[in-house]
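Residue numbers (this note's numbering): 243 to 1084.
Don't be surprised by glycine CBs; every beta carbon is placed ideally from N, CA and C.
For clarity, every value in this text was computed on a predicted model and none was experimentally measured.
Comments concern the structure below.
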Amino acid sequence: MLKYDYKTTKGDIMRDNIKELKQPTTISEKEATYSIVTNAITGDKSYLINKLTQSFKSATSIDIIVSFLMESGVKLLLQDLKEALDRGVNIRILTGNYLKITQPQALYLLKSELKDKVDLRFYNNPNKSFHPKSYMFHNPIDSEIYIGSSNISRGALTSSIEWNYRFLKSNAPNDFKVFYDTFEDLFNNHSLVITDEVLRDYSKQWTKPNVYKDMEKEHKGEFEEKVVNIFEPRGAQIEALYSLEKSREEGFDKGLVVAATGIGKTYLAAFDSVNYNRVLFVAHREEIIKQAAQSFKNVRNSDDIGFFYGEQKDNKNSFIFSLVQTLGKDEYLNPEYFPKDYFDYIVVDEFHHAVSNNYNKIINYFTPKFLLGLTATPERLDSKDVFALCDYNMVYEVRLNEAINKGWLVPFRYYGIYDETVNYEDIDFKNGKYDDKQLEEALMLNKRGALILNHYLKYNSKRAMGFCSSRHHAEYMAKLFNENNISAAAVYSGEAGEYSEERNIALAKLTSGELKVIFSVDMFNEGLDVTGIDMVMFLRPTQSPTIFLQQLGRGLRKAKDKQYLNVLDFIGNYKKANLAPFLLSGRDYSATEASRNSQGDYDFPDDCVVDFDFRLIDIFKKQAEREMKIKDKIKEQFETVKDMLGHRPSRVELFTYMDDAVYENIKSKNKAMNPFSNYLEYIKENDTLTLEEEELYNTRAREFINMIETTSMSKTYKMPILLAFYNEGNIKMEITEDDIYKSFYQFYRKGSNKVDMLKDKGTSDFMHWDKKKYITLAKNNPVKFLLKTHGDFFKVTENSVMALQDDLKQFIDNEAFKKHMKDAIDLRVERYYKDRFFNKEK
243 MLKYDYKTTK GDIMRDNIKE LKQPTTISEK EATYSIVTNA ITGDKSYLIN
293 KLTQSFKSAT SIDIIVSFLM ESGVKLLLQD LKEALDRGVN IRILTGNYLK
343 ITQPQALYLL KSELKDKVDL RFYNNPNKSF HPKSYMFHNP IDSEIYIGSS
393 NISRGALTSS IEWNYRFLKS NAPNDFKVFY DTFEDLFNNH SLVITDEVLR
443 DYSKQWTKPN VYKDMEKEHK GEFEEKVVNI FEPRGAQIEA LYSLEKSREE
493 GFDKGLVVAA TGIGKTYLAA FDSVNYNRVL FVAHREEIIK QAAQSFKNVR
543 NSDDIGFFYG EQKDNKNSFI FSLVQTLGKD EYLNPEYFPK DYFDYIVVDE
593 FHHAVSNNYN KIINYFTPKF LLGLTATPER LDSKDVFALC DYNMVYEVRL
643 NEAINKGWLV PFRYYGIYDE TVNYEDIDFK NGKYDDKQLE EALMLNKRGA
693 LILNHYLKYN SKRAMGFCSS RHHAEYMAKL FNENNISAAA VYSGEAGEYS
743 EERNIALAKL TSGELKVIFS VDMFNEGLDV TGIDMVMFLR PTQSPTIFLQ
793 QLGRGLRKAK DKQYLNVLDF IGNYKKANLA PFLLSGRDYS ATEASRNSQG
843 DYDFPDDCVV DFDFRLIDIF KKQAEREMKI KDKIKEQFET VKDMLGHRPS
893 RVELFTYMDD AVYENIKSKN KAMNPFSNYL EYIKENDTLT LEEEELYNTR
943 AREFINMIET TSMSKTYKMP ILLAFYNEGN IKMEITEDDI YKSFYQFYRK
993 GSNKVDMLKD KGTSDFMHWD KKKYITLAKN NPVKFLLKTH GDFFKVTENS
1043 VMALQDDLKQ FIDNEAFKKH MKDAIDLRVE RYYKDRFFNK EK
């Protein structure tokens, strides 16, 4: 078994892999370049990799020009490149982006491991093909050149029939000069330096080229991961690791990685943790943390692993894996168990759960050097707060569609099957969900079971997974399939049934072929790798985008001889059924588009098939038409959040739990349709004001609160000024320079506010500012503009920088005024970051 040697530097991680593929050579300095027996390399008995290794050893400068680079080839040459750079060798590499064959992760690997020591460039003439393959090595004695057919890929260097020829400059000086001068011209006059920005753009636009299909037939396995016990970054992991390191260099101590299921997020975390001594990994399922512990053991080559859940409470190990339900208790979040700074590096897996209370307590208690959030699906039905927990620092993102287009996941064949056996309008719907008992009874009809069975038999499957609504539903489906000679088991938590199996046992049986189908209830949505699944069946109304994508992702991981995933989605007239085409195409939901789009209007991932029953298209359009009444939709959201919380929501609470699609609709409407532009007015029209709120309603106090709700904000500078007046609930009529300095200092020392200042070139050094700089910023920006545009609320006095107008004094002790002032300020900050973040993403 090959492992990284993490006792050396992070840059040495490829050593064992390279040793496996080439033999070591020992030659004297004098004969270093000239001891190769033959100059012809044909790929039948000799391969270019071994010749290049010898040439690397004596070179004082190296020039490489190839039409494409691949991750597999870069890994082979990486150690030679590193050793040459350590000797002070100057290295230039010119490659092509022609036909997009060069893999972005190959370039990221070079930049990550070799930093800026290599001059790496793209050939920059889109109107001309680019097919050179040449390696030039220079030293004081002579120069040599290899020229032929080998690009930088594993197959071209180690196994394919590739013809290359080597000659010395001294033997053919004129020929060498032609090649070298041409390289110089191309490199200096027809190239584009591969900066971080250039590479980021290239990676975003890069999809698996069609030419790969032909190349894969020729070099089978070249474009897929070899199934060997080598623990090294691959594909998206390489790109994410580079972005994480850059993020830390910029001063960030938190980051979110959004990566589709199947990319290998846990191994990514293990690779990223190598420079940290004490690591905490937090998740919400036992199986996830056990699997993660094995991944970290493989990468970090350490047995110093502990667990913190159930009866096991390890708190002295270097690597601790904990259930959030256990660690989130107050009795464990104290110095007796863990000092706040015990962990250098914290990983929160399935980060979309992190808005829950226990996750929040853990995140707020510890002070690691870096916190990494991992998720495939950051957007929740009820919140966007996932992004806020990482200060809106989304370090790296590769969503499902992009991962399929890049060839990192298998494509899907999705069949939207019309299920008329259930009329969901007859099932009670409250607080955003169907009545459990009524739904269970409706889904267990024999007619529906027959519909599912017939469609399962229609498509060939070796290993399938069906997602059910309840344990009784899963038992019913397992019984039905077994009665029809299809071996099936039900997997769920709680009391065992006739067809139930433990999760790990069921998985083992599915892998071995003893089982054909597993019917599960919320047990395989996330966090577990099931590579061999070739079919998933959605057997319940899936209203959550997160759950929909998680279930789809269960079967998309690449596996040997697996070409695609079949998806059978049994769709009826349940609420939000019309999300499906948007989720499959990776687009934001729009009721307007849904009301007019046909199946052909959506852009699905490459090589994917999507087929909806035509009757479903009609259902989708009717649902969208009903949803277009935005005023009713806002009211429905308000009532849903109110029922969920048990009290009338504040501005921040309604904003936090509002569906993304509804909020986007609100933003596009005029202010009269937006409850956040005048929340007290919205409450008066749609709910009940308290007595104190009634007293405020027709006063200057409400106008002041409405000013906070609507004042323009290109930055957040106005908010610490308003917070200085708020003074933690003891509202001040005047604020001094000391008040402003204290408020600005506290406001911009935490979370997203700190990140915002760091990202702005004009304020990136603010952590070193003195009081004078803060006051200058405040006076030249928020103070100036608040006085100019809202002079009816603010004034300047002799003893203050800024003061409230006298007519507000009568309200400063009113509790409702205090509450709404703070709520309005908090909402403006939340909206500022979320609006900017999501606009940027789009």
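- The Cβ neighbour count for residue 747, taken over all protein chains shown within 10 Å, is under 16; the residue is labelled exposed.
- Residue 1072 holds the alpha-carbon nearest to the alpha-carbon of residue 951 among 1072, 722 and 548.
- Residue 653 and residue 808 have their C-alpha atoms roughly 9 Å apart.
- Under a 10 Å Cβ-count criterion, residue 1022 is classified as exposed, with fewer than 16 other Cβ atoms of the shown protein chains found around its own Cβ.
- Closest in alpha carbon position to residue 587, among 615, 437 and 545, is 615.
- Residue 1064 counts as buried, since no fewer than 16 other beta carbons sit within 10 angstroms of its beta carbon.
- Between residue 351 and residue 362 a beta carbon distance of about 11 Å is seen, past the 8 Å cut, so the two are scored as non-contacting.
- By the criterion of a C-beta distance shorter than 6 Å, residue 993 is surrounded in its chain by 633, once the five residues flanking it on both sides are discounted.
- If you ignore the 5 residues before and after residue 677, its C-beta comes within less than 8 Å of the C-beta of 669, 670 and 671, all in its own chain and listed in chain order.
- If one requires a minimum length of 3 residues, the beta strand (DSSP E) runs lying completely within the region 778 to 821 are 807 to 813, in chain order.
- Taken through DSSP and simplified to helix, strand or coil, residue 1070 comes out as helix.
- For the 8 Å CB-CB criterion, residue 334 and residue 429 form a contact.
- Setting aside the 5 residues that flank it on each side, residue 935 is surrounded in the same chain by 922 and 1058, each with a C-beta closer than 7 Å to its C-beta; the list follows chain order.
- In this structure, residue 528 places its C-beta atom within 8 Å of the C-beta atom of residue 565.
- Pairwise C-beta distances place the region 564 to 583 in contact with the region 540 to 552, as three or more of them are shorter than 8 Å.
- The DSSP assignment places complete alpha helix (DSSP H) segments of no fewer than 4 residues inside the region 478 to 502 at 478 to 491, in order along the chain.
- Judged by DSSP secondary structure, residue 744 falls outside any alpha helix (DSSP H); it is assigned neither H nor E.
- Within a 10 Å sphere around the beta-carbon of residue 635 sit 16 or more other beta-carbons, which makes this residue buried.
- The C-alpha of residue 431 lies about 31 Å from the C-alpha of residue 397.
- Using a 10 angstroms sphere on the CB of residue 916, the tally of other CB atoms reaches 16 or more, which defines it as buried.
- Taking 8 Å as the cut-off, the Cβ atoms of residue 657 and residue 816 do not count as close.
- For the 8 Å CB-CB criterion, residue 391 and residue 340 do not form a contact.
- The residue from 454, 685, 445 and 367 with its alpha-carbon nearest to that of residue 427 is 367.
- Apart from the 5 residues on each side of it in sequence, residue 849 sits with its Cβ closer than 7 Å to the Cβ of 653 in its chain, given in chain order.
- Residues of the same chain with a CB within less than 7 Å of the CB of residue 757, apart from the 5 flanking positions on each side, are 729, 730, 731, 748 and 751 in chain order.
- Under the three-state reduction of DSSP, residue 652 is assigned to coil, being neither helix nor strand.
- For residue 783, the closest C-alpha among the options 860, 881 and 662 is that of 662.
- Our two residues, residue 664 and residue 763, have alpha carbons roughly 20 Å apart in a direct line.
- Between the alpha carbons of residue 1031 and residue 998 lies a distance of about 24 Å.
- Secondary structure of residue 680 (DSSP, three-state): helix.
- If you check the CB distance, residue 378 and residue 304 come in under 8 Å.
- DSSP places residue 946 in no beta strand (DSSP E) but in the uninterrupted alpha helix (DSSP H) bounded by 942 to 952.
- Checking the DSSP bridge columns, you'll see residue 303 partnered with 332 and 380.
- Pairing residue 589 with residue 345, the inter-Cα distance amounts to about 28 Å.
- About 5 Å separates the Cβ atoms of residue 302 and residue 381, confirming a contact at the 8 Å cut-off.
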